[in-house]
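K.L.:
For the sequence shown, my numbering assigns the number 524 to the initial residue and increments by one for each residue that follows. Here a beta-carbon is modelled for each residue, glycine too, at the ideal position from N, C-alpha and C. Structure provided below as structure tokens; questions to follow.
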Amino acid sequence: MYDREARFAMEDTMNAARIEYTEKGVMHMAARRCDVIKISMSGAVLGLLTQYNLPQQFYLDLPDARITKVGCLLMKAFANNTAEVRFLRLLTKKELDRIFVFSTHPAHRDRVLDVRSW
């Protein structure tokens, strides 16, 4: 399924995020902090603060942008504590704009949020 999907261009960003996944079956929910380094409508590159084994499937929360429970699938984990993930649904243009407004990356310094669209 993912090999036939259209690839969207990744754009640099810097947002705080949280990874949520289940440990030990379905009884215990764990959360880890991370940073979103690059993002597109269909995936992202995450920067992890410490080295740990990511599960194959997890949820990504972006609390500043108020985007919760984006289902993710781990595509590739790199040695420099980064990981490439694919989203289980495409992010909308409004969600991407909201992410870029709350980004601390210098490229998004002049972005403003249109409150009429929310």
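Tell me whether the segment 548-560 and the segment 592-601 touch, counting them as touching only if at least three CB pairs, one residue from each stretch, are closer than 8 Å.
P.N.:
Touching, no, given that fewer than three Cβ pairs across the two stretches are closer than 8 Å.
K.L.:
Where DSSP assigns a beta bridge to ASP581, which residues make up the other side?
P.N.:
Reading off the sequence, residue 581 comes out as Phe, not Asp. Looking at the DSSP assignment, PHE581 forms a beta bridge with CYS595.
K.L.:
Quick check on the burial criterion: 16 or more other C-beta atoms within 10 angstroms. Buried or exposed for MET552?
P.N.:
Looking at its Cβ environment, which holds fewer than 16 other Cβ atoms inside 10 Å, MET552 is exposed.
K.L.:
Taking the beta carbon of ASN538 as the centre, do at least 16 other beta carbons fall within 10 Å, making it buried, or is it exposed?
P.N.:
When all chains shown are included, ASN538 counts as buried.
K.L.:
Under the assumption that ASP587 contacts PHE625 (Cβ atoms under 8 Å), give the Cβ distance between them as a whole number of angstroms.
P.N.:
Confirmed, Cβ separation roughly 4 Å.
K.L.:
Output needed for LEU571: all residues of its chain with C-beta closer than 6 Å, excluding positions within five of it in sequence on either side, in chain order.
P.N.:
So the qualifying residues of the chain are CYS557, ASN604.
K.L.:
Just how far apart, CA to CA, sit TYR582 and LYS592?
P.N.:
Their Cα atoms are separated by approximately 5 Å.
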